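Every number in this note's numbering is 9 more than the matching position in the sequence shown, counting from 1.
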Amino acid sequence: MKTEMIQQETLKEAVRLLQEGEVVAIPTETVYGLAGDATSETAVRRIFAAKGRPSDNPLIVHVASVEQAKQFVTHIPDVAAQLMDTFWPGALTIILESNGRASSLVTAGLDTIGLRMPDHPLALQLIEATGLGLAAPSANRSGKPSPTSSAHVAHDLSGRIAAIVDGGETGIGVESTVIDCTTNPPVILRPGGVTREQIESVIGNTALDPALSMKDQTPKAPGMKYTHYAPEATLSVVAGDLSFLQQLIDEARQNGQKTGVILFDGEDIEADVRCFLGTTMETAAQRLYDCLRRFDQTTVDQIFVRDLSEEGVGLAVRNRLHKAAGGRIIRP
Ligand code: TXA
Ligand code: MG
């Protein structure tokens with residue numbers, strides 16, 4: 010299959026493809042999504058096949074309004090309505106009781122469904138023009154870092170999907186926060202673009218899925234149990250200061266290994282390949298996946314990154330880094 014690259018001017022072509030049950034990668038404000046009609050079994054099967062995604066991992070349905078969200082759920086509890094009102098359009102996926110309208114492949118047989126209204130003009134235009142709820146996981150091959158540019162999508166999925174809508178680089182850079190509103194208090198299943206602090210300022214207390222901090226627990230978001238984001242080289246999180254980081258890199262180089270390091274701007278560390286995250290946690294979120302993907306274009310054997318704070322979007326960035334490192338932490 011030849012994958013078409015679609016620009017804003019030719020968005021109609023993407024509308025047609027989606028209405029015919031094809032899958033199309035689309036930009037959102039978090040990461041690119043691989044979109045298909047959420048009510049079409051054919052389209053949803055194509056999404057799973059193109060990504061190589063395990064079928065027990067449910068998809069998020071993207072909508073353009075609260076009214077459209079209502080088409081997919083039994084009811085909207087008050088807390089969920091408050092969250093939609095405050096954070097939609099935005100990087101918040103809300104898990105509610107499904108009414109069965111979406112294909113059962115979308116929900117992976119669960120009786121709940123994840124819904125999100127993305128804050129991206131092209132994504133919203135596509136949802137509105139097709140009149141469809143669009144099921145869309147991140148548009149990467151399963152296990153790889155999520156794509157934050159159309160080039161990332163093309164790298165992973167060219168030849169496997171009908172088209173890519175090019176919207177340049179995504180803004181936030183990490184995926185949406187997933188919050189389960191079928192329980193009291195609501196539970197954050199995946200930290201993401203909307204912070205826990207922001208959510209709690211609106212609805213009060215939330216819980217964090219214990220699996221986010223304890224290894225022997227099964228996560229409630231099926232997707233959180235899989236290895237994810239891992240670069241080809243061995244990535245280690247370093248829980249120590251800059252001089253300890255340099256010491257580890259020097260040791261690896263003495264052992265003949267080619268080293269990579271992920272740094273904030275201004276951090277003066279020597280390694281064979283360096284990647285910089287900017288100066289804030291927000292820029293770190295924007296650049297993290299591109300950094301991880303860049304190392305795959307090099308021949309580094311070992312990558313090091315210092316551990317991060319969990320404040321604000323740091324909770325999400327740190328979660329992705331620890332997953333990418335497969336839990337490998339080096340302490341002094
Ligand atoms: O920012 C995002 O959320 C991006 C863009 C494209 O919207 N999408 C995304 O989708 O990250 P995906 O499929 O890569 O991640 C969805 C996560 C998975 O961990 C999945 O298991 C969880 O949400 N999830 C979806 N529906 C669920 C449900 N009913 N119950 C529990 N977890 C659910
Ligand atoms: Mg994903």
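Don't be surprised by glycine CBs; every beta carbon is placed ideally from N, CA and C.
Predicted, not measured: the structure shown is a model, and the values here were computed from it.
Given 7 angstroms as the limit, tell me if residue i has its C-beta closer than that to any heavy atom belonging to the ligand TXA.
i: Glu-184; result: yes
i: Lys-153; result: no
i: Met-233; result: yes
i: Ile-69; result: yes
i: Ile-122; result: yes
i: Lys-332; result: no
i: Leu-114; result: no
i: Ile-104; result: yes
i: Lys-229; result: yes
i: Leu-198; result: yes
i: Pro-127; result: yes
i: Asn-193; result: no
i: Thr-308; result: no
i: Val-322; result: no
i: Leu-26; result: no
i: Thr-139; result: no
i: Leu-119; result: yes
i: Thr-37; result: yes
i: Asn-264; result: no
i: Ala-100; result: yes
i: Asn-66; result: yes
i: Val-40; result: yes
i: Val-187; result: yes
With respect to the beta strand (DSSP E) encompassing residue i, which residues constitute its N-terminal and C-terminal limits?
i: Glu-13; result: 13-15
i: Ile-104; result: 101-106
i: His-237; result: Careful: His-237 lies outside any beta strand (DSSP E) and carries neither H nor E.
i: Arg-337; result: Element bounds for Arg-337: n/a, residue is neither H nor E.
i: Val-33; result: 33-35
i: Leu-2; result: The shown model of the chain, from 10 to 341, leaves out residue 2, and the question about it has no answer.
i: Val-40; result: Here Val-40 belongs to no beta strand (DSSP E), and DSSP marks it neither H nor E.
i: Leu-317; result: Per DSSP, Leu-317 belongs to no beta strand (DSSP E) and is neither H nor E.
i: Leu-198; result: 196-199
Which residue comes first and which comes last in the alpha helix (DSSP H) that contains residue i?
i: Asp-165; result: 159-166
i: Ile-212; result: 205-212
i: Phe-96; result: 87-96
i: Arg-54; result: 50-60
i: Asp-299; result: 290-304
i: His-84; result: No alpha helix (DSSP H) contains His-84, which DSSP labels as neither H nor E.
i: Ile-364; result: No statement about residue 364 is possible, as the shown extent of the chain runs from 10 to 341 and does not include it.
i: Ala-23; result: 20-28
Given 7 angstroms as the limit, tell me if residue i has its C-beta closer than that to any heavy atom belonging to the ligand MG.
i: Pro-156; result: no
i: Ser-147; result: yes
Stretch pair the stretch 296-304 + the stretch 149-156: three plus CB contacts closer than 8 angstroms: yes
query: Touch check for the stretch 80-89 and the stretch 187-207: three-plus C-beta pairs under 8 angstroms?
result: yes
- request: For the stretch 109-187, list the beta strand (DSSP E) runs that are entirely contained and at least 3 residues long, ordered along the chain.
  value: 121-125 and 172-174
- request: For the stretch 158-175 and the stretch 47-54, state whether three or more C-beta atom pairs, one from each stretch, are separated by less than 8 angstroms.
  value: no
- request: Could you tell me whether the stretch 165-184 touches the stretch 252-266, where touching means 3 or more Cβ pairs closer than 8 angstroms?
  value: no
- request: Could you tell me which uninterrupted alpha helix (DSSP H) segments, each at least 4 residues in length, are contained entirely in the stretch 262-286, listed from first to last along the chain?
  value: none
task: Assess, as a yes-or-no matter, whether the stretch 106-117 is touched by the stretch 204-221 under the definition of 3 or more beta carbon pairs within less than 8 angstroms.
output: no
message: Does the stretch 255-268 come into contact with the stretch 223-236, if we say contact requires no fewer than three beta-carbon pairs (one atom in each stretch) closer than 8 angstroms?
response: no
field: At least 3 beta-carbon pairs within less than 8 angstroms: the stretch 130-141 vs the stretch 178-187
entry: no
field: the stretch 282-295 contacting the stretch 313-320, beta-carbon criterion three pairs below 8 angstroms
entry: yes
field: Cβ contact (3+ pairs, closer than 8 angstroms) linking the stretch 176-183 and the stretch 66-81
entry: no
The stretch 120-127 contacting the stretch 200-213, beta-carbon criterion three pairs below 8 angstroms: no
- prompt: Do the stretch 55-66 and the stretch 88-107 meet, that is, are 3 or more Cβ pairs less than 8 angstroms apart?
  reply: no
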